[in-house]
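Numbering (the UniProt record's numbering), first residue to last: 1 to 590. For each residue, glycine too, the CB sits at the ideal point set by N, CA and C.
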Amino acid sequence: MQPLQHVLGGTRLLRQRPACWTLRSVPRAWSATCSPDSGPHPRETKHMGGGLEAFRAKLAAGPTMQHFLQDVAPVQESRCLPDDAKEDSDHYLGSGALAETTRKVYLETYGCQMNVNDTEIAWSILQRSGYLRTSRLEEADVILLVTCSIREKAERTIWNRLRHLRALKSKRSSSQVPLRIGILGCMAERLKEKILEQEKMVDVVAGPDAYRDLPRLLAVAESGQQAANVLLSLDETYADVLPVQTSSSSTAAFVSIMRGCDNMCSYCIVPFTRGRERSRPVASILQEVQLLSDQGVKEVTLLGQNVNSYRDTSEVQFLSAAPAPLSRGFSTVYKTKQGGLRFAGLLDRVSLVDPEMRIRFTSPHPKDFPDEVFQLMRERHNVCRQLHVPAQSGSSRVLEAMRRGYSREAYLELVHHIRASLPGVSLSSDFIAGFCGETEADHQQTVSLLRQARYNAAFIFAYSMRQKTRAFHRLQDDVPSEVKLRRLKELMAVFREEAAVANAATVGRAQVVLVEGPSRRSPSDLCGRNDGNIKVIFPDVEMDDGSGRGSTVKAQPGDYVLVKISSASSQTLKGAPLRRTTLRESAEFR
Ligand code: 5AD
Ligand code: SF4
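This is the structure:
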């Protein structure tokens with residue numbers, strides 16, 4: 001998934017309590033390892049109101065044995081607590097302690113699009129507890145970093161940021177409530193309480209499945225104690241957390257459909273930080289997509305670590321469904337999963353919600369592409385002909401060491417099959433340069449695969465050894481950093497050359513562009529994306545409004561415009577607007 005930094009997500013709203021709400025929000029991990037703050041802050045009483053004394057009394061009473069037993073429960077599993085355990089936990093930190101607050105929270109996002117989505121989830125849970133959101137760091141009472149662990153560099157950036165925040169915290173005036181700092185997401189999950197030990201100024205640590213517990217964790221932090229919940233769940237999908245559009249100009253949205261990963265690629269930390277695969281029930285996805293359509297959103301990207309491994313077992317009638325076949329020549333480390341509504345069924349239903357809404361999905365795994373998916377993409381004019389097909393390497397030997405479950409040949413056969421099934425499809429991929437044992441010959445195989453597949457977009461990374469992974473335990477990180485870097489640069493250069501050729505194929509042709517807004521480089525131009533997700537720039541001028549009455553308009557964000565492409569680079573297309581259009585009307589121009 002595309003890396004990005006410091007993104008503020010939109011607003012989301014909790015629809016209603018799910019059946020299991022009270023139980024799931026009960027803490028199963030209790031942790032208050034030390035008290036970095038000496039005594040309450042003068043303004044705390046004001047903020048916490050009369051409930052503070054009762055809250056302190058509860059904290060002073062401490063946890064019962066039950067809490068410690070819960071704390072040592074295996075982290076992989078999540079289940080509803082029996083009623084008596086629930087009451088016990090409630091007795092310890094009751095509703096008074098979680099009373100509404102007026103604290104201002106600043107959220108900062110690192111890593112992939114999943115983290116942007118998680119930021120919105122965390123925010124809507126906090127909003128429901130009365131937190132206000134600020135986009136100004138200096139104004140914040142609570143700073144939460146939604147973190148990434150995928151490569152060492154991502155974590156280093158966050159440690160540096162924490163150093164800066166430590167200074168901010170210690171400079172805080174005594175007339176203000178103490179600043180609280182929380183680490184959320186993958187880094188929280190990977191390092192768990194170690195973060196609290198290493199960085200005494202961090203107050204809260206919450207893993208990707210613990211966001212419902214944030215109000216409680218912050219309430220504990222308000223008492224001056226550190227708090228952590230890093231339990232992974234088998235079923236948490238935050239299905240009941242629905243988005244609310246904050247900006248009317250917003251044309252595109254992401255909808256989370258599944259979480260976690262069962263693939264265990266040997267280099268990857270994700271299965272350890274985000275846990276097992278689980279799919280969000282289709283009914284709640286359709287409801288969210290409908291809501292977004294009603295709000296005027298024109299493009300939805302279905303989101304998940306392995307979107308096309310989607311398997312909804314929430315309805316009885318889905319259980320008898322035949323298993324979806326793997327792509328030819330692909331295998332998995334786990335046994336075939338039986339039953340459930342699969343990705344093609346979901347895509348079918350989602351694409352019918354609004355024929356004028358574009359549908360994309362990311363990030364898929366190449367193993368889960370049955371023909372049904374391609375057939376749907378061919379038939380439905382609103383499902384974009386754009387596929388992310390992460391290869392990781394072009395060498396079968398390296399792919400085996402990576403435990404990807406396919407060979408170079410099987411991958412290339414899949415690419416040919418996709419191109420034959422979906423003429424004009426735009427392809428993208430991920431690659432890792434310098435994986436354990438990668439020789440110069442292996443690297444050249446990746447270069448040649450990049451040339452053969454000719455991607456429109458690629459995300460290329462230098463290998464970064466991660467603890468806990470199979471590669472960490474079994475393989476040697478033996479490619480020197482400078483060699484990794486040199487190979488990375490070579491792969492980038494080859495990718496760019498090929499992408500320029502791939503994009504040049506659109507020159508002279510009309511493309512349907514969804515307008516996002518003014519171009520950042522020149523305000524007299526508009527910027528949008530074509531069906532293949534390539535950026536298109538064109539002049540912001542009057543054009544035929546597409547009504548057939550001969551009137552003209554200037555295109556607005558959210559409009560579809562037919563643009564005739566005049567030039568292309570490896571990243572951008574440029575052209576002239578022909579007319580405003582609709583997806584249905586311009587299906588032939590994809
Ligand atoms: N080192 C470098 N890149 C990695 N990725 C995943 N794990 C690592 C790692 N340890 C890359 C893969 C994946 C993308 C999201 O990040 O290419 O597809
Ligand atoms: Fe990591 Fe592989 Fe899962 Fe992708 S499919 S998240 S690379 S383990």
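Check, Outcome
"Can you give me the C-alpha to C-alpha distance between R274 and G304, rounded to a whole angstrom?", "11 Å"
"Suppose you measure from the CA of A321 to the CA of V282; what does that come to, to the nearest Å?", "15 Å"
"Starting from A441, follow the beta strand (DSSP E) in both directions and report where the run begins and ends.", "No beta strand (DSSP E) holds A441; the alpha helix (DSSP H) holding it covers E440 to A453."
"Do K169 and M201 come within 7 Å of each other at the CB atom, strictly closer than that value?", "yes"
"Determine, using beta-carbon pairs with one atom in the region 422 to 436 and one in the region 377 to 393, whether at least three such pairs fall under 8 Å.", "yes"
"Quick one: does the C-beta of R151 sit closer than 6 Å to a heavy atom of the ligand 5AD?", "yes"
"What's the call for V316, buried or exposed, on a 16-neighbour Cβ count within 10 Å?", "exposed"
"Helix, strand or coil for residue 600, going by three-state DSSP, please let me know.", "No answer is possible for residue 600: the residues shown for the chain start at 1 and end at 590."
"Any heavy atom of the ligand 5AD inside 6 Å of the beta-carbon of E589?", "As written in the sequence, residue 589 is Phe, which differs from the Glu given in the question. Every heavy atom of the ligand 5AD is 6 Å or more from the Cβ of F589, so no."
"Taking the alpha-carbon positions, what's the G437 to V398 distance?", "8 Å"
"On a Cα-Cα basis, can you pick out the residue from I125, T572, D262 and W123 that is closest to V307?", "D262"
"The alpha helix (DSSP H) spanning T157 covers which residue range?", "E152 to K171"
"Can C265 be considered in contact with the ligand SF4, in the sense that its beta carbon sits closer than 6 Å to one or more heavy atoms?", "yes"
"As a quick exercise: from R103, V105, L107 and C112, pick the residue whose alpha carbon is nearest that of F459.", "C112"
"Measuring only the C-alpha atoms, how far is A471 from S266?", "5 Å"
"Since I believe V373 is in contact with F330 (beta carbons under 8 Å), could you give me their beta-carbon distance rounded to a whole number of angstroms?", "Between V373 and F330 the Cβ distance is about 14 Å, and since that is not below 8 Å, they are no contact."
"Do the region 484 to 502 and the region 180 to 200 touch if we need at least three Cβ pairs shorter than 8 Å?", "no"
"Where does the unbroken alpha helix (DSSP H) through K194 begin, and where does it stop?", "K194 to Q198"
"Can Y310 and L346 be called in contact, C-beta distance under 7 Å?", "yes"
"Between E120 and A493, what straight-line distance do the alpha-carbon atoms span, to the nearest angstrom?", "36 Å"
"When DSSP labels each residue in this structure, what does D348 get in the three-state scheme?", "helix"
"Taking Cβ positions, are L214 and I359 nearer each other than 7 Å?", "no"
"Report the three-state DSSP secondary structure of N229 (helix, strand or coil).", "strand"
"How should S175 be labelled, buried or exposed, when 16 other C-beta atoms within 10 angstroms of its C-beta is the threshold for buried?", "exposed"
"Leaving out the 5 sequence neighbours to the left and right, which residues in its chain are closer than 7 Å to S173 when beta-carbon positions are compared?", "none"
"Rounded to the nearest angstrom, how far is the Cβ of F361 from that of T301, given a contact under 8 Å?", "6 Å"
"Just to confirm my understanding: we take H381, look at its own chain, exclude 5 residues before and 5 after, and list those with CB closer than 8 Å. What are they?", "P355, L583, R584, A587 and R590"
"When you compare the CB positions of T147 and Y110, do they come within less than 7 Å of one another, or not?", "yes"
"Counting only the same chain and skipping the five closest in sequence on each side, list residues whose C-beta sits under 7 Å from that of E277.", "M258, G260, C261, D262, N306 and S309"
"Below 8 Å on the Cβ atoms is my guess for S428 versus N456; work out the distance and round it to an integer in Å.", "6 Å"
"Quick check on the burial criterion: 16 or more other C-beta atoms within 10 angstroms. Buried or exposed for T581?", "buried"
"Mind checking which residues open and close the beta strand (DSSP E) that includes P539?", "K535 to P539"
"I'd like the span of the alpha helix (DSSP H) that includes D294, first residue to last.", "V282 to D294"
"Count the other CB atoms, across all protein chains shown, that sit within 10 Å of the CB of P325; report buried if there are 16 or more and exposed otherwise.", "exposed"
"Please report the residue range of the beta strand (DSSP E) in which residue 592 lies.", "Residue 592 lies beyond the residue range present for the chain, which begins at 1 and ends at 590; the question has no answer from this structure."
"Any idea what DSSP makes of R584, helix, strand or coil?", "coil"
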